[in-house]
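> Structure below; questions to follow.
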Amino acid sequence: MKILVTGGAGYIGSFMVKALLDKGDSVVVFDNLKRGDRKAVDSNALFIEGDILNKEDLVALFSNNDFDAVMHFAGLISVEESSKNPQLYFENNVNGSKYLFDAAYSIGKVKNFIFSSTAAVYGNPMQIPIPEDHATNPTSPYGETKLMTEQNLKNMREKDNSVNFSILRYFNACGAALDGSLGENHDPETHIIPLAIKAAGSNSEFKLYGIDYDTSDGTCVRDYIHVIDLVESHVLALNKILSEGGESCYNVGTGEGFTNRQVIEMVKRVSGVDFPVLEVERREGDSTELVADVRKIKNELGFAPKYSELQTIVESAWKWHSK
Ligand SMILES: NC(=O)c1ccc[n+]([C@@H]2O[C@H](COP(=O)([O-])OP(=O)(O)OC[C@H]3O[C@@H](n4cnc5c(N)ncnc54)[C@H](O)[C@@H]3O)[C@@H](O)[C@H]2O)c1
Numbered sequence: 009m010k011i012l013v014t015g016g017a018g019y020i021g022s023f024m025v026k027a028l029l030d031k032g033d034s035v036v037v038f039d040n041l042k043r044g045d046r047k048a049v050d051s052n053a054l055f056i057e058g059d060i061l062n063k064e065d066l067v068a069l070f071s072n073n074d075f076d077a078v079m080h081f082a083g084l085i086s087v088e089e090s091s092k093n094p095q096l097y098f099e100n101n102v103n104g105s106k107y108l109f110d111a112a113y114s115i116g117k118v119k120n121f122i123f124s125s126t127a128a129v130y131g132n133p134m135q136i137p138i139p140e141d142h143a144t145n146p147t148s149p150y151g152e153t154k155l156m157t158e159q160n161l162k163n164m165r166e167k168d169n170s171v172n173f174s175i176l177r178y179f180n181a182c183g184a185a186l187d188g189s190l191g192e193n194h195d196p197e198t199h200i201i202p203l204a205i206k207a208a209g210s211n212s213e214f215k216l217y218g219i220d221y222d223t224s225d226g227t228c229v230r231d232y233i234h235v236i237d238l239v240e241s242h243v244l245a246l247n248k249i250l251s252e253g254g255e256s257c258y259n260v261g262t263g264e265g266f267t268n269r270q271v272i273e274m275v276k277r278v279s280g281v282d283f284p285v286l287e288v289e290r291r292e293g294d295s296t297e298l299v300a301d302v303r304k305i306k307n308e309l310g311f312a313p314k315y316s317e318l319q320t321i322v323e324s325a326w327k328w329h330s331k
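Just so we're aligned, residue 9 is where the sequence shown starts under the working numbering, counting upward by one.
What follows is the structure, given as C-alpha cells:
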C-alpha cells in the first residue's frame, strides 16, 4: 500500500509514518515544516516539503504519486493560539484541508481518507463519557476548524459514495517512543505533560490554568492516549475502510479521565522533582472535562490501548525529554 501522511514531520504524524513502514507500507510525507521537524521523519519514507495551502504543491504531489489512502494530520493544533488568531486557523485547517481533499480526489483519484479530528468538537459536553453522537459545540476556533473539515469529508461522500473516510476524534495524545527515540516537541507547546516535564527538567515554575472548574479537585479532566496506541487506531480504521468502504467516526481515548493535578503529581513522581506550581486564571477555550466513550472503537475496530497507563505515558515522555 502507498499512503500519504500529511503533517508527517509532526508529533503524531511521525509515529504514524513509523507504524506504517513497520507494517510494510510505502509512505510519502508531505509537510511544510513550519511546525514539524524533518529529523523526526523516518529515513525510509519519501519526504516532500510542501504546503496544503499551495495548489501547485498539491498538483505536483498527486500528479506524481498514486496513493491508496491519505492520512491527514497536517494542521495547526493550539486551542489558545486559535482563540487569538482564528483567521490563521480557518485558513490553514479548513481551507488547507479542502484543497488537499479536492486535489487528492480530482487529480490523485484517491477515495480513502483518514482525518485527525479532536475531542474539542464537543465543546463543554453535557454527558461524560462522551459518545460520538453527542452534540458538537466547539468552544474554540480550533475545534470549529476540525468540525468544518469533518463536514467537508461528509460532503465529498454525499457527492460520490465511493469516497470512504474515517474521522478519528483524538482525546489527549501524549507519550513518546518507549526507547526515547521519538516524542513530542511542539513550538509553541501548550500540552500539559511536556510543559510539566520541562518544568521538572529545569525545576522551574509550572502554570496551572484554572483551579475553579467543577471537578473533583477544581482542575480540568482529560483522557490521555499514548501516541503509539493512537496511531494503531489509524491502522485499524484504515483497514476497515479499505475492506468495507463507508464512513465512520470514532473517539480515540481510554475512557478514563485524570485531573491536571493528578498529571502534575505523576510528572513529579516520575521525575523525582517537586517543581513549583503557580495557579493562574483559566485559559480561554478549555473545556472542563473531556473523557471519551470508547465503546464504539472497541466494538467496531477492536481497539485496545496497550501503552496508555498514565505512568507509562509520563515515563516514556520523561525519557524522551531527558534525551
Ligand atoms: N496532539 C494532540 O493531542 C491532538 C489532539 C487532537 C487532534 N490532534 C490533531 O492531530 C494532528 C497532528 O497533531 P500533532 O500533535 O502531531 O501536531 P504537530 O504540530 O506536531 O504536527 C502537525 C504537522 O503539520 C504540519 N503542517 C501544519 N500546517 C501545514 C500546512 N499548511 N501544510 C503542510 N504541513 C502543515 C506541521 O509542520 C507539523 O509538522 C493535527 O491535525 C491535530 O489537530 C492532535
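No residue lacks a Cβ here, since even glycine has one placed at the ideal position from N, Cα and C.
#1: Quick one: what does DSSP say E57 is sitting in, helix, strand or coil?
#2: Output the distance between the C-alpha atoms of K117 and Q135, rounded to the nearest integer angstrom.
#3: Just checking, does the segment 206–222 make contact with the segment 275–290 on the three C-beta pairs under 8 Å criterion?
#4: Give the C-beta separation of N180 and Y97 to the nearest angstrom, bearing in mind that I take them to be a contact with Cβ-Cβ under 8 Å.
#5: In chain order, what residues of the same chain have a beta carbon less than 6 Å from the beta carbon of K10, not counting five sequence neighbours either side?
#6: Tell me whether P196 is buried or exposed, calling it buried when 16 or more other Cβ atoms sit within 10 Å of its Cβ.
#7: I need the boundaries of the beta strand (DSSP E) containing N307, first residue and last residue.
#8: Considering just the uninterrupted stretch of the alpha helix (DSSP H) at E289, what are its terminal residues?
#9: Report the option in A143, N120, N100, A111 whose CA atom is closest to the CA atom of T153.
#10: Cβ of D59 within 7 Å of any heavy atom in ligand 1?
#11: Under 6 Å Cβ to Cβ from I175, same chain only, skipping five residues before and after it: list those, please.
#12: Is S124 near ligand 1, judged by its Cβ being under 7 Å from some heavy atom?
#13: Going residue by residue through the segment 241–270, where are the continuous beta strand (DSSP E) segments of at least 3 residues, counting only ones entirely within it?
#14: Taking all protein chains shown into account, decide if L54 is buried (16 or more other Cβ within 10 angstroms of its Cβ) or exposed.
#15: Starting from the N-terminal side, write out each stretch of the beta strand (DSSP E) that is 3 residues or longer and does not extend beyond the segment 76–134.
#16: Confirm, please, whether the CB-CB distance from L12 to V78 is below 8 Å.
#17: Does the distance between the C-beta of C15 and the nearest non-hydrogen atom of ligand 1 fall short of 7 Å?
#18: Alpha carbon to alpha carbon, how far is K31 from V67?
#19: Am I right that V107 and I60 are in contact with their C-beta atoms under 8 Å? What's the rounded C-beta distance?
#20: Around the Cβ of R43, are there at least 16 other Cβ atoms within 10 angstroms (buried) or fewer (exposed)?
#21: How long is the line joining the alpha carbons of V2 and V260, rounded to whole angstroms?
#22: Between the Cα of P146 and the Cα atoms of I138, M164, A127, which residue gives the shortest distance?
#23: Between S295, P139, L203, A325, which lies nearest to R230 when the distance is taken from Cα to Cα?
#24: Measure the alpha-carbon distance for K119 versus R290 and round it to whole angstroms.
#25: Give the range of the alpha helix (DSSP H) segment to which S330 is assigned.
#26: Using DSSP bridges, identify the partner residues of L176.
#27: For I20 and L84, I'd like the C-alpha separation in whole angstroms.
#28: Is the CB-CB distance between S91 and E273 below 8 Å?
#29: Within a Cβ cutoff of 6 Å, which residues of the same chain sit near V129, ignoring the five residues on either side of it in sequence?
#30: Can you pull the DSSP bridge partners for H336?
From the atom records:
#1: Within the sequence shown, the letter at position 49 stands for residue 57. DSSP places E57 in strand when its eight states are reduced to three.
#2: Your numbering for residue 117 matches position 109 in the sequence shown. Your numbering for residue 135 matches position 127 in the sequence shown. The C-alpha of Q135 is placed about 40 Å away from the C-alpha of K117.
#3: The segment 206–222 makes contact with the segment 275–290: 3 or more CB pairs, one atom from each, lie closer than 8 Å.
#4: Here residue 180 refers to the residue found at position 172 of the sequence shown. Here residue 97 refers to the residue found at position 89 of the sequence shown. Contact flag wrong, Cβ pair sits at about 19 Å.
#5: Sequence index remark: in the sequence shown, residue 10 carries index 2 (1-based). Residues of the same chain with a CB within less than 6 Å of the CB of K10, apart from the 5 flanking positions on each side, are S34, F75, D76 in chain order.
#6: Sequence index remark: in the sequence shown, residue 196 carries index 188 (1-based). That one is exposed.
#7: Numbered from 1 along the sequence shown, position 299 holds the residue referred to as residue 307. From DSSP, N307 is part of no beta strand (DSSP E) but of the alpha helix (DSSP H) over 303–309.
#8: Within the sequence shown, residue 289 is the residue found at index 281, counting from 1. Careful: E289 lies outside any alpha helix (DSSP H) and carries neither H nor E.
#9: Walking along the sequence shown from the start, residue 153 turns up at place 145. Nearest of A143, N120, N100, A111 to T153, Cα basis: N100.
#10: Start at 1 with the first residue of the sequence shown, and residue 59 comes out as number 51. Under cutoff, so the answer is yes.
#11: Looking up residue 175 in the sequence shown gives position 167. The beta carbon of I175 is closer than 6 Å to those of F123, S125, E158, C257 in its chain, skipping five residues each way along the sequence.
#12: Numbered from 1 along the sequence shown, position 116 holds the residue referred to as residue 124. Shortest gap from the CB of S124 to any heavy atom of ligand 1: under 7 Å.
#13: The segment 241–270 contains these whole beta strand (DSSP E) runs: 255–260.
#14: Start at 1 with the first residue of the sequence shown, and residue 54 comes out as number 46. With a 10 Å radius around the Cβ and a threshold of 16 neighbouring Cβ atoms, L54 comes out exposed.
#15: The qualifying runs are 77–80, 120–126.
#16: Locating residue 78 in the sequence shown gives position 70, where the first residue counts as 1. Locating residue 12 in the sequence shown gives position 4, where the first residue counts as 1. Judged by their CB atoms, V78 and L12 are nearer to each other than the 8 Å cut-off.
#17: For the purposes of this step, residue 15 is taken as residue 7 along the sequence shown, with counting starting at 1. Here residue 15 is Gly; the residue named in the question, Cys, does not match the sequence. Taking 7 Å as the cut-off, one finds at least one heavy atom of ligand 1 near enough to the beta carbon of G15.
#18: As a position in the sequence shown, residue 31 is number 23, starting the count at 1. As a position in the sequence shown, residue 67 is number 59, starting the count at 1. As the crow flies, the alpha-carbon of K31 is around 28 Å from that of V67.
#19: On the sequence shown, position 99 is the one that residue 107 refers to. On the sequence shown, position 52 is the one that residue 60 refers to. Looking at the sequence shown, residue 107 is not Val but Tyr. The C-beta distance from Y107 to I60 rounds to 6 Å, short enough to meet the 8 Å contact threshold.
#20: Sequence index remark: in the sequence shown, residue 43 carries index 35 (1-based). When all chains shown are included, R43 counts as buried.
#21: Limits of the chain in this structure are 9 at one end and 331 at the other, which puts residue 2 out of reach.
#22: Residue numbering aside, residue 146 sits at position 138 when the sequence shown is read from its first letter. Considering only alpha carbons, the answer is A127.
#23: Locating residue 230 in the sequence shown gives position 222, counting from the first residue. Nearest to R230 by alpha-carbon distance, out of S295, P139, L203, A325, is S295.
#24: What you label residue 119 is simply residue 111 of the sequence shown in a count that begins at 1. What you label residue 290 is simply residue 282 of the sequence shown in a count that begins at 1. R290 has its alpha-carbon roughly 42 Å from the corresponding atom of K119.
#25: Reading the sequence shown from its first residue, position 322 is the one you call residue 330. Residues 318–330.
#26: Locating residue 176 in the sequence shown gives position 168, counting from the first residue. In the DSSP assignment, L176 is bridged to S124, Y258.
#27: Counting from 1 along the sequence shown, the entry for residue 20 is found at position 12. Counting from 1 along the sequence shown, the entry for residue 84 is found at position 76. Their backbone Cα atoms lie some 13 Å apart in a straight line.
#28: Residue numbering aside, residue 91 sits at position 83 when the sequence shown is read from its first letter. Residue numbering aside, residue 273 sits at position 265 when the sequence shown is read from its first letter. Taking 8 Å as the Cβ cut-off, S91 and E273 do not qualify as a contacting pair.
#29: As a working mapping, residue 129 is identified with position 121 in the sequence shown. By the criterion of a C-beta distance shorter than 6 Å, V129 is surrounded in its chain by T144, P146, G151, K154, L155, once the five residues flanking it on both sides are discounted.
#30: Not covered by the structure: residue 336. The range shown for the chain is 9 to 331.
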